[in-house]
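Engineer: Mind having a look at this structure? Questions to follow.
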Amino acid sequence: MVQQLPAEPLSDDEKGSLLFMVKEEKLARDVYNKLAEMYHEVQVFANIARASGST
2 MVQQLPAEPL SDDEKGSLLF MVKEEKLARD VYNKLAEMYH EVQVFANIAR ASGST
């Protein structure tokens, strides 16, 4: 179904939303990496950091 839709450029709002999401994901990754570093005995932070991309 998606393949049938015509390709078109992203609007400025769509570009802004995508950039915001990328920045939010990077912030979350950085926070969980720092928490994992600070509280290495709490495995959940390392698990989340690992699941969110790179550590």
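Sequential numbering from 2 applies to the sequence shown in my numbering. Here a beta-carbon is modelled for each residue, glycine too, at the ideal position from N, C-alpha and C.
Where do the N-terminal and C-terminal ends of the alpha helix (DSSP H) with glycine 17 fall, by residue?
Structural biologist: 13-39
Engineer: Considering only residues of the same chain and omitting the five flanking positions on each side of isoleucine 49, which have a CB-CB separation below 6 Å?
Structural biologist: Tyr33
Engineer: Helix, strand or coil: which one does DSSP assign to alanine 62?
Structural biologist: With the chain covering only 2 through 56, there is no way to say anything about residue 62.
Engineer: For tyrosine 40, which residues from the same chain have a beta carbon less than 8 Å from its beta carbon, with the 5 sequence-adjacent residues on both sides left out?
Structural biologist: These residues qualify, in order along the chain: Phe46.
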